[in-house]
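Take a look at the structure below.
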Amino acid sequence: MATDHIRYDVLARDALRGVLRRVLTDAAEHGLPGEHHFFITFLSTADGVKLSPRLLAQYPDEMTIILQHQFWDLVVTEDRFEVGLSFGGIPERLVVPFAAIKSFLDPSVQFGLQFEPAEGAMEAPPAKLPAVPAPSALPATTEPEPVVESTDEPAKTGEGAEVVRLDRFRKK
Numbered sequence: 000m001a002t003d004h005i006r007y008d009v010l011a012r013d014a015l016r017g018v019l020r021r022v023l024t025d026a027a028e029h030g031l032p033g034e035h036h037f038f039i040t041f042l043s044t045a046d047g048v049k050l051s052p053r054l055l056a057q058y059p060d061e062m063t064i065i066l067q068h069q070f071w072d073l074v075v076t077e078d079r080f081e082v083g084l085s086f087g088g089i090p091e092r093l094v095v096p097f098a099a100i101k102s103f104l105d106p107s108v109q110f111g112l113q114f115e116p117a118e119g120a121m122e123a124p125p126a127k128l129p130a131v132p133a134p135s136a137l138p139a140t141t142e143p144e145p146v147v148e149s150t151d152e153p154a155k156t157g158e159g160a161e162v163v164r165l166d167r168f169r170k171k
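Residue numbering for the sequence shown follows numbering that gives the first Met the number 0, starting at 0 and increasing by one per position.
The following block contains the structure:
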């Protein structure tokens with residue numbers, strides 16, 4: 000069997016992460032259109048992830064956040080996104096590299112992506128992760144707080160959902 004020197008699996012993974020980057024960039028610039036909202040699951044101890052010690056203690060392996068009504072200061076760069084969220088009434092600032100993301104789901108249109116951890120996103124010891132300070136002021140809103148779920152089980156996508164798995168592009 001021939002060796003894949005081009006690394007189509009890496010190219011496909013990076014292209015799909017580009018879809019996620021584009022969607023988040025549009026949300027940062029224009030807000031979420033219609034009923035769109037995002038479930039994003041990521042490795043909480045991956046390189047570059049920044050969570051408060053409180054959240055890291057609550058979600059030591061992985062964490063799912065929902066971007067829907069109450070989030071602020073969404074900033075998207077080439078390799079990560081940052082967002083302000085409230086957890087139990089306490090404002091937090093999260094930094095999540097795209098390489099740490101395990102899955103993305105927009106249940107309003109039943110679209111989802113699942114990722115294998117990227118090279119370089121291997122878990123780092125929690126002691127190396129600096130705490131991210133909470134923002135000084137919260138925006139006024141009456142929207143419900145985002146729900147954060149532990150993700151011991153894979154996200155359920157519902158009937159007819161389109162989930163793209165990178166495994167189908169890998170050699171067996």
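In this text, a Cβ means the ideal position worked out from N, Cα and C, and glycines have one as well.
Return helix, strand or coil for residue i, following the three-state DSSP convention.
i: Asp72; result: strand
i: Arg12; result: helix
i: Glu61; result: strand
i: Gly83; result: strand
i: Asp25; result: helix
i: Gly17; result: helix
i: Leu112; result: strand
i: Leu31; result: coil
i: Ala56; result: helix
How many whole angstroms separate the CB atoms of residue i and residue j, which I take to be in contact at a CB cut-off of 8 Å?
i: Asp78; j: Pro52; result: That belief does not hold up - the Cβ atoms of Asp78 and Pro52 are roughly 24 Å apart, past 8 Å.
i: Val75; j: Leu23; result: 5 Å
i: Leu42; j: Glu61; result: 5 Å
i: His36; j: Asp105; result: 7 Å
i: Phe86; j: Leu54; result: 6 Å
Based on the DSSP secondary-structure assignment, which residues constitute the bridge partners of residue i?
i: Lys49; result: Val94
i: Ser102; result: Thr40, Gln113
i: Ile89; result: Phe86
i: Leu66; result: Phe37
Using the Cβ count rule (16 or more neighbours within 10 Å means buried), how would you classify residue i?
i: Glu91; result: buried
i: Leu10; result: exposed
i: Thr40; result: buried
i: Asp3; result: exposed
i: Arg83; result: Here the sequence assigns Gly to residue 83, which means Arg is not the residue at that position. Its Cβ being crowded by 16 or more others within 10 Å, Gly83 is buried.
i: Met0; result: exposed
i: Ile64; result: buried
i: Tyr7; result: exposed
i: Val18; result: exposed
i: Ala56; result: exposed
i: Ala26; result: buried
i: Ala45; result: buried
From the options, pick the residue whose C-alpha is nearest to that of residue i; which is it?
i: Ser107; options: Asp13, Thr63, Gln67; result: Gln67
i: Ile100; options: Met0, Asp8, Arg16; result: Arg16
i: Arg12; options: Phe110, Gln109, Ala98; result: Ala98
i: Gly88; options: Phe70, Pro59, Asp105, Leu104; result: Phe70
i: Gln109; options: Glu115, Asp25, Tyr7, Phe38; result: Phe38
i: Val48; options: Glu115, Phe103, Leu93, Ser102; result: Leu93
i: Leu50; options: Arg21, Glu81, Pro32; result: Glu81
I'd like to know whether the C-beta of residue i is nearer than 7 Å to at least one C-beta of chain C.
i: Asp60; result: The question asks about chain C, but that chain is absent: this structure has only one protein chain.
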